[in-house]
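Protein chains in written order, with this note's numbering: chain Y, 12 to 481; chain Z, 753 to 1086.
Rendered as C-alpha cells:
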C-alpha cells in the first residue's frame, strides 16, 4: 500500500515538473524561429520595424529560455531520484539519446545564444543572423532528441533485452526513428509554432486596442494571424495522421481517447460523455453514429477496438485521456476558426480595426499552452500502465523511496516552482505590457542575463565606427 | 573483447565532475560569501565577476548527471535514490540562485529578497554536494541492482563534516576568485575572507583525510599499507605545497596565485578521492565495469562527445580569456 502510494506521488511529481518544463520549450522553440524570420525580414527589406519587433521579443525569449533551462536541470536528475529502476533498465538506450540532447543544448547555449543576445553591434549583421538561425536550429535539435526518447517509450524498437533485464541497443537507426517519432516530432513542432503565434497575436491585439496605428503591433498581429490561418489547419491534418499512427501501435490509447469500451463495427463518434471505468461504459454520452469508425478507419463500417479487448490491468484510465484529448482538439479547432476569421477580416480590409476578433485573439493567447499540456496528458496517460509501452510497467519502474520522502520533495517543488516561475512569468508580462516602439532597445548590457552562458561576445568591443559612443 | 570504453567514459565523467567542482565551486563560493560583503555595490561587483561564466560552469553538472545516466545507468539508478534528499535540496538551491542572477536586476524593492535567495541557494547547494560526497565515501547499501538503504542513511557525522568542508572550500575558491577579479576595497574584503576560509579549508581537509581510512578497510589499505602508499603519498605532500603557495600568495597580496593554489587543493583532493574509489564507481559494491552500459551505447555517445566536448572546452577557454581583467564598481562585465 505504502509503495503504491509513493509511486503515485512520484508520478504526480513527474507530471507536475515536466508540465512546468514543457511550457517554456514549447514557447522558445517557436519564438526562436519567429526571431529568425524577423531578422531575415529586416535584413531583406532593411525596414527598422522588423528590427524593433525582433528586439522586443528577444528580451522575452531570454527569460523564457532561462526558465526552460533551469526547469530542465531538475528533469535530468528526476529520472534517477524517482524512477531508478526505469533508469537502470532503459539507460543503455535512452541515456545516449538524452546525452545528445544535453550536448546539443550545451553547445547551443555556450555558443550562439550569447551572440544572439549581445552580438548585433559586435559581430556584424550576417554573422548575427547566422547565430540566430543556429539558436533556432538548436532548439529544434533539442526537441528532436527528447521527442525521440519519448517516442521510443511509446513505440519501442531496435532493442534487445539482456540477461539482467536491461533494454540494450540493437539498431540505433530503428531506435532513434522509431515508428511514432516522425509523427510526434511534426505534431509537437507545429504545436510550438502555433503556441508562439497565439502569444504574439495576443500581444499584438492588446497593443492595437491602445494604438491601432502602432505599426509594430500591426505587423505582429498580422504575422500571427497568418500563422493561425495556415498552420492550424495543417496541424489538424498532422494530428489526424499522428492519431492513425497511434491506432496502429497503441490501440488501447485510442480506445480511451474515443471512449470506446466495446469493439464494434460502425462505431460512433462520442462528442461528450463521462467515461466510467468501473461499469465499462460512457455515461450521458452525446454521439454521432458511424463517424468514429470513419475517422479512424476511413470506412463508415470499419471495426474499432474497445477497451474491453484488454484486461482491466492493462488499460489506461479512460476519463483523463478522453477529456484531455477533447480539450486539445477543441482548442485546435478554435485556432482554425480564429485563423479563418482573420482571413475574412483581412479580405474586408478591417484586420487592424480593434474588435471582437482581437478580443478573441487575446483570449486565445494562452490556448497554445493549454492545448500542448492537454496533448501531452493524452499521450502520456494513454501510455499507462506502462513506462515503456507493453514492456515495462509504471509500477515496476519507480525508485525504492518511501512515500514521505517523495511527498516532501513534491511539496517543495510545488512551492518553489510557483514562486520562481511565477516571478519569471510576471517579468515576462511586464515586458509584454509595454508597447513595441521605434528604436526598441535590445537586451540591456551590464545586467547579467543567465542565458548569456559562457558567451565571450559581451566582452568584444562594439563596432566603434558604426556606433560611436558618447 | 573490444577495447573497454567504460574506462574512457569513467575518465570523461570524472573530468566533467572535476570541471564542475572547480568552476561552479568558485561561483557558488561567491554566493556563500555574498552577505559578508560590506554593501550593495560590493555585492554588485561580486556578482558581476561570475555573471558571464557561471551558467556555463553549471552546465557541467547536467553533463555529469546526463552522462552518468547514459553510460553508467546502474550507478545513476543506485546513487540517485540513495542521495535522494541531498540531491533534491541541491537542485532547489541551484534553482533559487540561478534565477537570482536574472531577477535581482529587475527590481529594487525585492532586491534584498533575491540577494538572500542567491546566498541561501548557493550555500544549500554546496552543503548538499558535500553531504552527497560524504555519503558516497561512507558506502551505499546495494541489493539486486537497487539501493537497499533508508532515506536518512546519508545523514551521518561524517557526511555533515564533508558538507561543511565542501562549503568552506567553495568559499575559499570564491574569495580568491574575487581577489583575482576585483580592485581596491572589494579586493581588500576578499583577501580578508580568504585568510579565514583558507586555514579553515586546510583543517577540514585534514580531518576528512584522517577519518576516511577508518570508514572502510579498503581505504585503509589504499592509504596506509605498503606498496600502495607509494602511489598515495605524493598527494598529501603536494597538498602541503599548495597550502604554502596559498599562504605566500595571500601574504604577498598576489592576484592570481591564491586562486590557483585553491584550485590545486581541489584537484589534489579529487585525485585523492580517485585513489580511494578506483576501480569502484560506488564503493564498495559496484565497479566501473559492473555499472557500464553495453559497448554500443558507450560508442554511440562517444562519437558526439568527441566532436562537441573539444568545441565546448575551446569555447569556454576563449570566454574566460575575453572576460579576463578586473571588474570595477559600477561596471557590468564588458
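We treat Cβ as the ideally placed atom computed from N, Cα and C, and that holds for glycine.
Counted as a single uninterrupted DSSP element, the stretch harbouring residue 291 of chain Y is not any beta strand (DSSP E), since DSSP gives it neither H nor E.
As a beta-bridge residue in DSSP terms, residue 180 of chain Y pairs with Y/170. Taking residue 1057 of chain Z as the centre and dropping the five residues before and after it, the same chain places the C-beta of 764 closer than 7 Å to its C-beta, in chain order.
Using a Cβ-Cβ cut-off of 7 Å, residue 844 of chain Z is close to 423, 427 of chain Y, given in chain order. With respect to residue 325 of chain Y, residue 826 of chain Z sits apart: the two C-beta atoms are not nearer than 7 Å. Listed as beta-bridge partners of residue 276 of chain Y by DSSP are Y/314. When CB distances to chain Y are screened at a threshold of 7 Å, the residues of the stretch 1035-1061 of chain Z falling below it are 1045, 1046, 1048, 1049, 1052, 1053, 1056, 1057, 1060, in chain order.
Residue 143 of chain Y: member of the alpha helix (DSSP H) spanning 136-165, first to last residue.
At the C-beta level, residue 294 of chain Y and residue 329 of chain Y stay beyond 7 Å of one another. Residue 189 of chain Y is positioned such that its CB atom lies closer than 7 Å to that of residue 166 of chain Y. 7 Å or more divides the Cβ of residue 1065 of chain Z from the Cβ of residue 922 of chain Z. Exclusion of the five residues before and after residue 101 of chain Y leaves 178 as the residues of its chain whose Cβ lies within less than 6 Å of its Cβ. According to DSSP, residue 851 of chain Z shares a beta bridge with no other residue. Residue pairing by DSSP places residue 881 of chain Z opposite no residue, since no beta bridge is assigned to it.
Boundaries for residue 439 of chain Y: no beta strand (DSSP E) harbours it, while the alpha helix (DSSP H) harbouring it runs 414-444, taken from the DSSP string. Residue 1032 of chain Z has Z/1039 as its beta-bridge partners, per DSSP. The C-beta distance from residue 778 of chain Z to residue 929 of chain Z rounds to 4 Å, short enough to meet the 8 Å contact threshold. By alpha-carbon distance to residue 449 of chain Y, the top candidate from Y/201, Y/65, Y/36 is Y/65. What residue 109 of chain Y touches in chain Z, judged by beta-carbon distance under 9 Å, is 818, 821, 822, going in chain order. Against chain Y, the CB of residue 758 of chain Z has no partner CB under 7 Å away; the residue lies outside that interface. Excluding the 5 residues flanking it on each side, residue 956 of chain Z has same chain C-beta neighbours closer than 8 Å at 913, 916, 917, 920, 921, in chain order. Look at residue 404 of chain Y here: in three-state DSSP terms it is strand. At least 7 Å separates the CB of residue 321 of chain Y from every CB of chain Z.
Listed along chain Z are 832, 833, 836, 839, 840, each with a C-beta nearer than 7 Å to that of residue 92 of chain Y. With distances taken between CA atoms, residue 223 of chain Y lies nearest to Y/361 out of Y/425, Y/419, Y/307, Y/361.
Taking 7 Å as the cut-off, the Cβ atoms of residue 982 of chain Z and residue 431 of chain Y do not count as close. Chain-ordered, the chain Z residues with CB closer than 8 Å to the CB of residue 180 of chain Y read 1046, 1048, 1049, 1052.
Its Cα nearest to that of residue 435 of chain Y, the residue Y/77 stands out among Y/417, Y/117, Y/77. Fully enclosed alpha helix (DSSP H) runs of no fewer than 4 residues occupy 936-963 of the stretch 911-972 of chain Z, in order along the chain. Going by DSSP, residue 992 of chain Z is part of the alpha helix (DSSP H) stretching over 986-1003.
Here residue 242 of chain Y is near residue 201 of chain Y, since their CB atoms are less than 7 Å apart. Boundaries of the beta strand (DSSP E) around residue 399 of chain Y: 397-399.
If you check the CB distance, residue 833 of chain Z and residue 126 of chain Y do not come in under 7 Å. Separation of the CB atoms of residue 1050 of chain Z and residue 761 of chain Z is rounded to 6 Å, and the pair is thereby assigned contact status at 8 Å. Annotation for residue 70 of chain Y: the continuous alpha helix (DSSP H) segment containing it runs 59-93.
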